[in-house]
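Order-wise, the sequence lines are chains A and B.
Just so you know, we're using my numbering here: the first sequence kicks off at 1 and counts up by one.
Just so you know, we're using my numbering here: the second sequence kicks off at 320 and counts up by one.
Take a look at the structure set out below.
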Amino acid sequence: MATNAIDQTRRMLSLVTYLRERPGARVDEVARAFGISQDELISDLQVLPMCGTSFRGGDLLDIDTDGEHIWWHNADAVDSGGQPLRLAADEATALLVAARAVATLPGLRVSDREALLRAGAKLEEAAGENARASSRLSVTFESEGGVFADVDRAMAERRRLWLRYYSPGRDELTEREVDPIRLFVLGHTYLEAWCRLSEARRTFRLDRVAEIRLLDEAADPPPVTPRDLSAGLVQPAAEDPEVVVEVGPGGRWVAEYWPHDSAEELPDGGLRITLRTPDPASLRRLALRLGADGRITAPPELAESAREAARAALAAYGE
Amino acid sequence: MAIAKAERLMNLALCLLGTRRPLTKRELRSSIEAYLEAASDDAFNRMFERDKDDLRELGLIIDIGENVDGEAAYQARRDHNQLPPITFDPAEAAALGLAARVWQQARLAGAASGALQKLRAAGMPEAEADRGASGALEPRIPTQEAAFEPLMLACRDRRPVVFPYRKSDSPQPVRRHVEPWALECWRGHWYLAGWDRDRQGERVFRLSRIAGAVRSRAGAYTVPVPDQVRVREAVERRAGEHATATARIRLRKGCGYPLRARAAEVVDAGEWEELLIPYGHGLDAWLAEFGPDVVVLEPAELRAETVERLRAVAKG
């Protein structure tokens with residue numbers, strides 16, 4: 001994440017308090033304690049000697065580093081106070097809202113939940129009035145209790161899992177053996193795992209797990225870098241086939257739920273939505289759901305398969 | 320080269336915190352190199368006002384008083400700005416470390432790590448690496464909506480706002496004047512609850528449907544903010560999560576697992592099964608998704624809606 005001036009200032013003010021207590025602190029340890037890279041820390045350390053209570057009075061912070069240790073030669077001369085600064089409203093909000101949200105996760109261990117609630121209460125007290133704004137934001141994580149506990153245990157014990165998993169695109173349940181990589185929550189709770197059936201990394205939504213069993217085999221996923229989720233969960237590849245859906249006003253919601261390349265306004269108040277998906281057949285369901293509110297226009301074989309499915313369904317009603 | 324903003328802010332903060340008496344703008348200007356280099360008094364004044372606001376955003380309380388000559392003077396008193404003594408055990412520290420990572424929104428992510436750094440400077444222990452569940456679970460709060468940050472600030476500062484809002488089924492956004500109360504994230508989407516001045520009622524807005532800039536308006540709220548704001552119930556009701564009746568359908572064996580998972584009753588019927596499922600708003604659209612694998616038996620109204628949807632698709 002790019003550092004902005006406000007975040008950097010905030011960090012440097014805390015650094016000054018931290019370094020005062022720790023003469024000769026190690027660069028790697030300080031960087032870890034502050035959750036920043038060593039390069040970021042070094043660039044802070046280059047700014048600090050330009051700072052002080054007066055640039056003329058010679059009371060600039062005399063802080064330097066040999067790249068390994070950090071020395072502050074006039075820590076006593078410059079009054080920068082003892083305690084760190086109190087928590088700002090945004091800071092209290094960010095931590096408190098997050099702590100409350102995480103505490104609602106059903107799969108969280110009791111001891112972790114209790115630690116979180118204790119820490120939240122202390123924070124609220126320390127932040128005082130600045131904690132109030134945190135009631136204006138709330139986040140509910142949804143998590144599928146029973147399945148979650150088994151996945152969590154498999155991760156802790158590094159064991160393989162057997163799943164019966166529902167794929168909505170194909171409306172089918174498949175059985176798989178997977179080696180868990182990580183659990184994350186993004187709207188729903190997901191398991192990222194190495195699928196032994198497809199020999200590839202797969203993401204499973206926990207509320208679509210119909211059955212789960214812990215296996216005795218040890219999990220042995222190949223080393224993979226976790227997916228970068230900052231751009232969202234569904235990130236179609238450039239080579240995925242293109243699908244065009246034309247919707248009327250009643251189908252505009254499609255553009256909110258499906259990541260798409262473009263959504264062009266149509267004269268009737270609808271949209272022409274172009275999206276890519278590795279599995280176009282999975283969009284047949286969308287066409288059936290839309291009814292009169294929209295239709296697939298490309299590829300033609302997908303459009304035809306939706307029409308065929310609708311005709312077959314109507315036959316059961318005597319049409 | 321111009322002096323970096325972080326250096327300027329840091330100097331202003333240290334001057335205001337370090338001084339034993341309030342300092343005038345003139346005194347501050349002569350103490351801080353970046354201000355001395357300002358091209359004009361105007362440029363300095365603008366810079367100083369912005370910097371003061373930025374430091375307040377960081378939580379600094381800056382008192383404004385007067386010096387002996389009656390000039391405005393500024394000071395950030397230590398006793399107003401110190402974090403009260405606070406200690407955390409390693410488990411609490413680890414839990415907060417996990418919580419601080421959930422934000423993907425730049426402002427809140429920055430604020431969360433800034434808060435942790437303050438607590439670290441106050442002596443909070445470092446988390447041991449990889450503590451089971453805390454290491455395994457990675458909750459993330461998505462905030463891709465551009466409207467999130469201005470609305471968060473408006474809720475915080477209680478400022479009325481106006482924004483163009485597009486209802487789900489309408490291409491044309493309409494300007495809405497709202498007194499924002501609270502933001503809630505549910506199933507990965509953000510919603511705003513507030514008082515809709517145009518419609519004179521409480522409303523819930525989905526942030527992804529805000530079709531342009533959120534602008535704040537001067538003036539106070541006209542309606543008191545309720546203690547408890549329930550965004551989720553309102554959204555659930557609209558999403559048809561509340562079933563009002565029961566439907567009877569036939570489902571082909573091996574298909575439609577989510578329907579079967581919600582069924583109150585499943586009766587075997589050869590190649591098919593007969594299911595009783597909760598019937599609420601939007602069920603016809605969901606059932607149509609299963610094409611020839613579902614047949615609606617009753618009620619007649621649901622059967623007719625589903626058939627109508629299928630006819631539209633069959634026509635192409």
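Glycine included, C-beta positions come from ideal geometry on N, C-alpha and C.
In the DSSP assignment, the residues bridged to ILE529 (chain B) are B:TYR484. Residue nearest to LYS122 (chain A) within the set B:ALA430, B:GLU411 and B:ILE460 is B:GLU411 (criterion: CA-CA distance). The closest CA to that of THR274 (chain A), considering only A:VAL139, A:PRO267, A:ALA31 and A:ARG252, is found on A:ARG252. Straight through space, the alpha carbons of ARG340 (chain B) and VAL387 (chain B) are spaced by roughly 11 Å.
Interface flag for SER535 (chain B) against chain A is unset, since no Cβ pair is found closer than 8 Å.
Any Cβ of chain A closer than 8 Å to the Cβ of PHE367 (chain B) would place that residue at the interface, and such an atom is absent.
Cβ-Cβ separation between ALA126 (chain A) and ILE405 (chain B): approximately 5 Å, consistent with a contact (criterion under 8 Å).
For PHE363 (chain B), the uninterrupted alpha helix (DSSP H) run begins and ends at 360-376, by DSSP. For GLY128 (chain A), the number of other beta carbons within 10 angstroms of its own is below 16, and it is reported as exposed. About 6 Å separates the beta carbon of ASP112 (chain A) from that of ALA414 (chain B), a gap short enough to meet the 8 Å contact definition. Per the DSSP secondary-structure output, ILE568 (chain B) pairs in a beta bridge with B:LEU594 and B:VAL615.
The three-state reading of DSSP puts ALA392 (chain B) in strand, counting E and B together. With a threshold of 8 Å between beta carbons, GLN463 (chain B) makes contact with chain A. Contact between PRO492 (chain B) and PRO483 (chain B) holds, with the beta-carbon distance rounding to 4 Å and staying under 8 Å. A distance below 8 Å separates the beta carbons of MET329 (chain B) and VAL47 (chain A). By the rule that beta-carbons nearer than 8 Å mark a contact, ILE6 (chain A) touches chain B.
Contact check for PRO499 (chain B) against LEU526 (chain B) fails: the beta carbons are separated by 8 Å or more. Note that the segment 246-263 of chain A does not touch the segment 213-221 of chain A; fewer than 3 beta-carbon pairs, one per stretch, sit closer than 8 Å.
Under a criterion of Cβ atoms nearer than 7 Å, no residue of chain A is adjacent to ARG522 (chain B); the nearest Cβ is some 16 Å distant.
Excluding five sequence positions before and after ALA353 (chain B), the CB atoms of its chain that fall closer than 6 Å to its own CB belong to ILE322 and ARG327, given in chain order. If you draw a straight line from the Cα of ALA419 (chain B) to the Cα of PRO444 (chain B), it comes to about 15 Å.
Contact annotation: the segment 152-165 of chain A does not touch the segment 424-444 of chain B, with fewer than three C-beta pairs closer than 8 Å.
Rounded to the nearest angstrom, the gap between the Cα atoms of THR65 (chain A) and GLN423 (chain B) is 32 Å. Looking at the DSSP output, PHE141 (chain A) shares a beta bridge with no other residue. Residue state for THR104 (chain A) is assigned as coil, using DSSP reduced to three classes.
For the segment 372-389 of chain B, the set of residues with a beta-carbon nearer than 9 Å to any beta-carbon of chain A comprises ASP373, LEU374, ARG375, GLU376, LEU377, GLY378, LEU379 and ILE380, in chain order. Under the Cβ distance rule, ASN74 (chain A) does not count among the residues neighbouring chain B, no pair being separated by less than 8 Å.
Cβ proximity to chain A below 7 Å picks out CYS474, ARG475, SER487, ASP488, SER489 and PRO490 from the segment 472-490 of chain B. In this structure, the CA atom of ARG276 (chain A) is about 6 Å from the CA atom of PRO241 (chain A). Chain-ordered listing is empty here: chain A has no CB closer than 9 Å to the CB of TYR598 (chain B), the nearest sitting near 17 Å.
When the five nearest sequence neighbours on each side are left out, the beta carbons in the same chain lying within less than 6 Å of the beta carbon of VAL614 (chain B) are those of ARG569, in order along the chain. Around the beta carbon of VAL234 (chain A), fewer than 16 other beta carbons sit within 10 angstroms, so the residue counts as exposed. About 4 Å separates the beta carbon of ALA310 (chain A) from that of ALA633 (chain B), a gap short enough to meet the 8 Å contact definition. Annotated as proximal: CYS51 (chain A) and LEU61 (chain A), with beta-carbon spacing under 8 Å. Here LEU342 (chain B) is bridged, per DSSP, to B:TYR393. For TRP253 (chain A), the chain B residues whose C-beta falls within less than 7 Å of its own C-beta are SER487, listed in chain order.
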